[in-house]
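Colleague: Supplied in structure tokens, the structure appears directly below.
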């Protein structure tokens, strides 16, 4: 698989290259560009690109403008330190959207998604249809919960947070009720509105509308209090603080 990386930070490029090499020996990085101008030239001169990684914020603007300068059909995995461009990213051949610092597990899931959509035995037309389905994806507005013999529907807007405990995922409602859900946090974060919900750490996804207070915490982290009753402290991990602050300011 031939891959190009559009990334203006050398450290980020080196790290992504290393992760890709460790993930799959068949991944060949055939090009690297640090700006929109050089990215366009790279794409124009390479007709054997299978997949591209685009950092959104480049030194000379947003990488979305590349699509205005040149046409191509290969899929994109966007990378960024911010999560406020997710909706726009999925309108541009995107199959995934990775937040920096990129974790190996997240990258592996993105490559697996690429494999599912762009298998060698699929026609390009079929692959494009799969991408279009992703672009048309709507946010999950409600969750169906089983309570004993009953089925309960809970609106996403009424959910204070999602959290994991003892390898099980739960949601907490506005009236302080906890319910088990049959999804992992990784699956949930892909289906809910990123403007309303944010994953602050490995354990919690919180709803913006239920934030009561935010205070500074040790090691450059933040502590969040919700309007609902949560047994554990909700700590924004240090690597997510920057993205969290940008999310708050959207």
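In the numbering used here, the protein residues as written are 5 to 254. Where is the CB? At the ideal position from N, CA and C, for every residue including glycine.
Are the Cβ atoms of residue 176 and residue 164 separated by less than 8 Å?
Modeller: Yes. Within cutoff.
Colleague: Would you decide whether residue 209 is buried or exposed? Buried here means 16 or more other CB atoms lie within 10 Å of its CB.
Modeller: By the neighbour-count rule (16 or more Cβ atoms within 10 Å), residue 209 is buried.
Colleague: Give the single residue among 77, 249 and 216 whose Cα lies nearest to the Cα of residue 232.
Modeller: When only C-alpha atoms are compared, the closest one is 216.
Colleague: Return the chain-ordered list of same chain residues with a C-beta closer than 7 Å to the C-beta of residue 35, the five sequence neighbours on each side being excluded.
Modeller: Excluding positions up to five away in sequence, the list reads 8, 46 and 50.
Colleague: At which residue ranges does the stretch 29–91 contain complete beta strand (DSSP E) runs of 3 or more residues, listed in the order of the chain?
Modeller: Counting whole runs of 3 or more residues, the stretch 29–91 contains the beta strand (DSSP E) stretches 32–37, 55–59 and 80–84.
Colleague: Unbroken beta strand (DSSP E) runs of length 3 or more, entirely within the stretch 175–200: which are they?
Modeller: You should have 182–185.
Colleague: From residue 201 to residue 211, what distance separates their C-alpha atoms?
Modeller: Going from the Cα of residue 201 to the Cα of residue 211 covers about 5 Å.
Colleague: Would residue 57 pass as a contact of residue 103 if the rule is Cβ separation under 8 Å?
Modeller: Against a cut-off of 8 Å, the Cβ pair of residue 103 and residue 57 comes out as no contact.
Colleague: According to DSSP, is residue 115 part of a helix, a strand, or is it coil?
Modeller: The answer is helix: DSSP assigns residue 115 an H, G or I state.
Colleague: Return helix, strand or coil for residue 222, following the three-state DSSP convention.
Modeller: In this structure, residue 222 counts as coil in the three-state DSSP scheme.
Colleague: Have a look at residue 12 and residue 235 and give me their C-alpha separation to the nearest angstrom.
Modeller: Cα to Cα, residue 12 sits roughly 42 Å from residue 235.
Colleague: Using only the alpha-carbon positions, how far apart do residue 170 and residue 112 sit?
Modeller: Whole-angstrom Cα-Cα distance: 24 Å.
Colleague: Counting C-beta neighbours from all protein chains within 10 Å, is the total for residue 172 16 or more, i.e. buried, or is it exposed?
Modeller: When all chains shown are included, residue 172 counts as exposed.
Colleague: Among 203, 178 and 26, which one has its Cα closest to the Cα of residue 191?
Modeller: When only C-alpha atoms are compared, the closest one is 203.
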